[in-house]
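Input: a single structure, listed below in structure tokens.
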Amino acid sequence: MPQLNPEFFLSQVFWLVITFSFLLIFLWRISLPRISSVLEKRENKINDEIQTAKKLQTEAKKIQEEIDQQLHTTHEQVVKLIKETTNNLQSKVSTQLQAIDSELAKNIDESAKAIEKNKNNTLENIKIHIQEITKLTLSKLTTINVSDKEIHDAIRTIQNKKII
33 MPQLNPEFFL SQVFWLVITF SFLLIFLWRI SLPRISSVLE KRENKINDEI QTAKKLQTEA
93 KKIQEEIDQQ LHTTHEQVVK LIKETTNNLQ SKVSTQLQAI DSELAKNIDE SAKAIEKNKN
153 NTLENIKIHI QEITKLTLSK LTTINVSDKE IHDAIRTIQN KKII
């Protein structure tokens, strides 16, 4: 094997040193600065994006707080509006109920008066019919002549005793 032959060691070492020197210089001057600049750019970009994300996060928190505050305020306004509407409706309903109650009381009074009037008219009609029936009955059963005034007085006496 020619690699292990001792007479070529010096030339192999020479080319080895030249190749590794060239490789070292190439990496040190060209490749490593490019790699390090790319890494720095990436790191700067990541840091910028992290800072942007933090700013956006704080803005989002502020917006969320504003939304929560607006929701709370809106909720309070809705509750207040519901209470006001309920109170207004209750007052309207109570006013309408009072109007209906007064109208019903008026109708009840009118009905009671009409019933009393009908009752009195009916009683008067009954009295008249009783007088006529009594007069006819007495004239047919007996030969006694009784005047209308006597019959009327007798009916009044009986009525005062609450028989009729």
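Counting in the numbering used here, the sequence shown runs from 33 upward without gaps.
Positions of the beta carbon are idealized from the N, C-alpha and C atoms, including for glycine.
Note that the coordinates shown come from a computational prediction; the quantities given were computed from them, not determined experimentally.
Simplified DSSP assignment, three categories, for residue i
i, result
"S69", "helix"
"S179", "coil"
"T174", "coil"
"N76", "helix"
"N37", "coil"
"K138", "helix"
"K193", "coil"
Neighbour-count burial assignment, residue i, 16 or more Cβ in a 10 Å radius
i, result
"V45", "exposed"
"V178", "exposed"
Beta-carbon proximity check, residue i vs residue j, cutoff 9 Å
i, j, result
"D185", "K167", "no"
"Q191", "K159", "yes"
"Q132", "I162", "Per the sequence shown, residue 132 should be read as Ile rather than Gln. Contact flag unset, no."
Check: residue i C-beta below 8 Å from any heavy atom of the ligand FAD
i, result
"E164", "Absence of the ligand FAD is noted for the structure shown, with no ligands found whatsoever."
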